[in-house]
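Report on one structure; see the data block that follows.
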Amino acid sequence: MLEDHRINLPKLFEHLGFGNVSTEKTHMIFKKGGAHYVIIRNNEGFLYYKVQRPQEKLSASDLIIEHVSKSESIDKEMLWDKVDSFYKKVLDTETLLTTNDSKNTLDTVTKEFNHFLSYTYPLNDTVKELYADLDSSIPFSGRVFQNGEGKPLFPLFNMQNEVCGHFIDGDKGTIPYGTSAIKHSLWYSNIPKKIDGLFLFKDPKEALAFHRKFQLKNVVYMALGEINSQTTDILFQIQKLTKVDKLFLSFTGNKKIEGYLRDLHFISYIKDSDFKLTLTDRDMRLLFPIGKEKSFSKFYEHTQQFNKALATSFLKYNTIIDQNRLNKYSIMISTDNDKIKVRLPLETNAIKLSVWSYYKNYLNKTIDILKPKSDNWYAEWEMMDNQVEKGREVQLKEYRIAL
Numbered sequence: 004m005l006e007d008h009r010i011n012l013p014k015l016f017e018h019l020g021f022g023n024v025s026t027e028k029t030h031m032i033f034k035k036g037g038a039h040y041v042i043i044r045n046n047e048g049f050l051y052y053k054v055q056r057p058q059e060k061l062s063a064s065d066l067i068i069e070h071v072s073k074s075e076s077i078d079k080e081m082l083w084d085k086v087d088s089f090y091k092k093v094l095d096t097e098t099l100l101t102t103n104d105s106k107n108t109l110d111t112v113t114k115e116f117n118h119f120l121s122y123t124y125p126l127n128d129t130v131k132e133l134y135a136d137l138d139s140s141i142p143f144s145g146r147v148f149q150n151g152e153g154k155p156l157f158p159l160f161n162m163q164n165e166v167c168g169h170f171i172d173g174d175k176g177t178i179p180y181g182t183s184a185i186k187h188s189l190w191y192s193n194i195p196k197k198i199d200g201l202f203l204f205k206d207p208k209e210a211l212a213f214h215r216k217f218q219l220k221n222v223v224y225m226a227l228g229e230i231n232s233q234t235t236d237i238l239f240q241i242q243k244l245t246k247v248d249k250l251f252l253s254f255t256g257n258k259k260i261e262g263y264l265r266d267l268h269f270i271s272y273i274k275d276s277d278f279k280l281t282l283t284d285r286d287m288r289l290l291f292p293i294g295k296e297k298s299f300s301k302f303y304e305h306t307q308q309f310n311k312a313l314a315t316s317f318l319k320y321n322t323i324i325d326q327n328r329l330n331k332y333s334i335m336i337s338t339d340n341d342k343i344k345v346r347l348p349l350e351t352n353a354i355k356l357s358v359w360s361y362y363k364n365y366l367n368k369t370i371d372i373l374k375p376k377s378d379n380w381y382a383e384w385e386m387m388d389n390q391v392e393k394g395r396e397v398q399l400k401e402y403r404i405a406l
């Protein structure tokens, strides 16, 4: 496979059923099955990379191997037999070769090219309020940019610390920008020499609003656009490198229930927690180890207190208990050997109680959960007139999750 330079990579992508998303002077973006691929051209010919790994440049033979490995063969050919056969067919197809390349006008770039870096510009001097003076902010300097339209961009980093996308603060909120690899990356602030804590948010704008309020020093702010095994692996790798024992979770949303749901989702990815979460259209199911007897008894006691209060409230408006309806919105607990099984209704108070009780009885040595008094930290920042509260120091302990 020494003839990759002869293969017209854009034509090969089209031949294999990829759709052309965009064509720029320096690169082309193709898509198939939800995955994005970026084609560039350097002095040696065409190369491509997947958006989640811009540092890993691949050639035509890599694309052929990936394609052939997923295809069925009539006989029992081994992988390399199939690859060799397909490779020869490509080289025998004139329309797939660079000799038929007169219409391609991609500029030549270096092998280190990363199209995500071409989207960012320094924040201009006219930005105000939340984004003002960030060039002199120790945690946020070099961690916030803007695009060509002046919208703030926050770079996302993969496991190899390469930029593989951005959050954008735009008209639809703080969301992934363009073809960003949101499932394989996270944003984090600058890392100080001394680190007192790691603070986790749903997006960087929330982290910035939080910092405007508390002005913490010697901390690292992080944001997960999507909670999954890849993004949490990066997070725990950062935690391991920084040797910080405790995480501060502060997930939020447009409504408070969104933050609690993110809490539970994140907890299911904590290493060694053995915490399982299943979501249905009616309820949520939790499964986790009983742990110490005191932890279980307290968790059980809290849920029973909640259910009793729910029944008392029901009787304020009904003369007779409707047990079926009451059970539907109660927290149901059972045990299975050394596991606790919890059925949670999709209701804010029940979910908040469960997050709080699990945190208090099972996680309080490794995690603190902070919640704003408003729905999210940006709304909290707006309420305090865009200034740090005057007259007293704002204490984090006032914002720990509580019932």
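Per the working numbering, the very first residue in the sequence shown carries number 4; after that it's consecutive. Beta carbons are placed, not taken as given, at the ideal position from N, Cα and C, and that holds for glycine. None of the values given here were measured: they were computed from a predicted structure.
Beta-bridge pairing by DSSP links lysine 355 to no other residue. Asp371 is the residue among Asn379, Trp384 and Asp371 whose C-alpha sits nearest the C-alpha of arginine 403. Residue pairing from DSSP places alanine 38 in a beta bridge opposite Lys35.
According to DSSP, methionine 287 shares a beta bridge with Leu282 and Leu347.
The three-state reading of DSSP puts lysine 53 in strand, counting E and B together. Bridge pairing for arginine 265: absent [DSSP]. Segment contact: the stretch 114-128 against the stretch 25-34, three or more CB-CB distances shorter than 8 Å; contact assigned. Taken atom to atom, the span from the alpha-carbon of serine 333 to that of valine 358 is near 15 Å.
In the three-state DSSP reduction, tyrosine 124 falls in the strand class (E or B).
At the C-beta level, threonine 182 and histidine 70 stay beyond 7 Å of one another.
For proline 179, the beta-bridge partners assigned by DSSP are Phe170. When DSSP states are grouped into helix, strand and coil, tyrosine 320 belongs to the coil group. Three or more pairs of CB atoms, one per stretch, sit closer than 8 Å, so the stretch 223-238 contacts the stretch 189-202.
Counting along the chain, proline 158 sits inside the beta strand (DSSP E) bounded by residues 155-160. Between the C-alpha atoms of alanine 63 and threonine 108 there is a straight-line separation of about 19 Å. For aspartate 371, no alpha helix (DSSP H) run applies; the uninterrupted beta strand (DSSP E) run containing it begins and ends at 370-372, by DSSP. Between leucine 290 and lysine 342, the C-beta gap is smaller than 7 Å, which places the two residues in contact. At a Cβ-Cβ threshold of 7 Å, cysteine 167 and valine 54 count as neighbours. Counting of Cβ neighbours within 10 angstroms places serine 88 among the exposed residues, the total staying below 16. With contacts defined by Cβ atoms closer than 7 Å, alanine 184 and aspartate 206 do not form a contacting pair. Between threonine 177 and lysine 208, the gap from beta carbon to beta carbon is short of 7 Å.
Pairwise C-beta distances place the stretch 366-386 out of contact with the stretch 316-324, as fewer than three of them are shorter than 8 Å. Boundaries of the alpha helix (DSSP H) harbouring asparagine 327: 326-331, taken from the DSSP string. In the structure shown, isoleucine 68 falls within a helical segment according to DSSP collapsed to helix, strand and coil.
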